[in-house]
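Numbering (the numbering used here), first residue to last: 913 to 1290.
Since the structure comes first, as structure tokens, the remarks are kept for the end.
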């Protein structure tokens, strides 16, 4: 039985109430426009309408152009740690670059199985190859294993860059003498946070913990498990995130700079090993999620819909689902309250959902023969 909870903002939240899954949306179809990228993870549109797509396990970059994917040579890329959830992950183009060449930002896992971290690099794409790659930021401290790298990127209108970083992994993994997941409540650690950076990878001016001796200056929000979806409402400026829970308890959160989102103290999920609740459903001083999904969607990729194919969908969040193999439309009112949901059901894991420069909705499937799908009215 599925569980859906629509929750308020800061303060106490009720336990999720049992119910069925969101109703299925009608009047759409998915058309394959290209295929052949193994396990794609991120997509960024270029000013000329083409797109760059990452392949996680191959640590490769592909160019989408007119129905085909072709490999992009990369000069100077640091060694990528692949395996588990690691590899070459998200990709974003600098918003100020309106024509080629463009600055391209990539997240990846680097290091060894015993000591690794989420890393941000930047290169220049000239239409054919990515060169001049250099490292801008490394999350600290190092962790072990191959879980929870976060890695989703989102540009803000002020030219700063949000980057999600996972909590380091599930028990029994440990970092700094504590369970890795407990690092999400440690302001001296990037693990379990969203950082806000300049386009050179430095702490952004105005960050909430800038100048504090007991906190890292890059941190913008904390108390997260593993965010793989970030989106900004172009009308209100609100910033939203989708976050993987443990055994149950996936979340949709409205992010506020300086906010503590509770993990692992506050969660609706359970421990994978024991089935015991990890924390409490609501904890004073933390911010409650707007939506909780149990069973999980395993959300990855998030976008605000502003297109014209479905006028009633405008202003809705669209969240890709890995385990649920769906896209969930989350309807919002003008105050940012969740008013309902629908789901678009697919035959594969949905890693990315995005809106193209043509205004159409697109999705990337997470499979060996990964597909770029265009979602259109039927």
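Ideal placement from N, C-alpha and C gives every residue a C-beta, glycine not left out.
Quick caveat: nothing in here was measured; it's all calculated off a predicted structure.
Counterpart residues of residue i in DSSP-defined beta bridges
i, result
"residue 994", "None, per the DSSP bridge assignment."
"residue 1086", "1091"
"residue 940", "1289"
"residue 1231", "1214, 1240"
"residue 1152", "1143, 1166"
"residue 1277", "1262"
"residue 974", "965, 983"
"residue 1159", "1182"
"residue 1115", "1109"
"residue 1192", "1178"
"residue 1282", "949"
"residue 1267", "1273"
Endpoints, beta strand (DSSP E) assigned at residue i
i, result
"residue 1212", "1211-1216"
"residue 1021", "1014-1023"
"residue 1131", "1131-1134"
"residue 1173", "Segment: none, residue 1173 is in no beta strand (DSSP E) and carries neither H nor E."
"residue 981", "980-983"
"residue 1205", "1203-1206"
"residue 1254", "1250-1257"
"residue 954", "952-957"
"residue 1004", "1000-1005"
"residue 1108", "1105-1109"
Cβ-Cβ separation, residue j to residue i (assumed contact under 8 Å), whole Å
i, j, result
"residue 1053", "residue 1081", "At roughly 13 Å, the Cβ-Cβ gap does not stay under 8 Å, so residue 1053 and residue 1081 are not in contact."
"residue 1159", "residue 1182", "4 Å"
"residue 1320", "residue 1172", "Residue numbering for the chain in the displayed model covers 913 to 1290; residue 1320 lies beyond these limits and cannot be assessed."
"residue 1194", "residue 1141", "That belief does not hold up - the Cβ atoms of residue 1194 and residue 1141 are roughly 22 Å apart, past 8 Å."
Q. Unbroken beta strand (DSSP E) runs of length 3 or more, entirely within the stretch 1028-1092: which are they?
A. Those beta strand (DSSP E) runs which fall completely within the stretch 1028-1092 and span 3+ residues are 1028-1037, 1042-1050, 1065-1067, 1073-1077.
Q | Cβ contact check for the stretch 1240-1252 and the stretch 1225-1232: 3 or more pairs under 8 Å | A | These segments touch.
Q: Flag this pair as touching only if the stretch 1035-1049 and the stretch 1059-1071 have three or more C-beta atom pairs under 8 Å; answer yes or no.
A: no
(Q) Three or more C-beta pairs under 8 Å: does that hold for the stretch 941-953 against the stretch 1272-1290? (A) yes
Q. Are at least three pairs of beta-carbons, each pair with one atom in the stretch 1214-1224 and one in the stretch 1257-1272, less than 8 Å apart?
A. yes
Q. Is the stretch 990-1000 in contact with the stretch 1014-1031, if contact means three or more CB pairs nearer than 8 Å?
A. yes
Q | At least three beta-carbon pairs within less than 8 Å, the stretch 1115-1128 to the stretch 1024-1040 | A | no
Q: Specify whether the stretch 976-989 and the stretch 1002-1009 touch according to this definition: at least 3 beta carbon pairs, one from each stretch, less than 8 Å apart.
A: no
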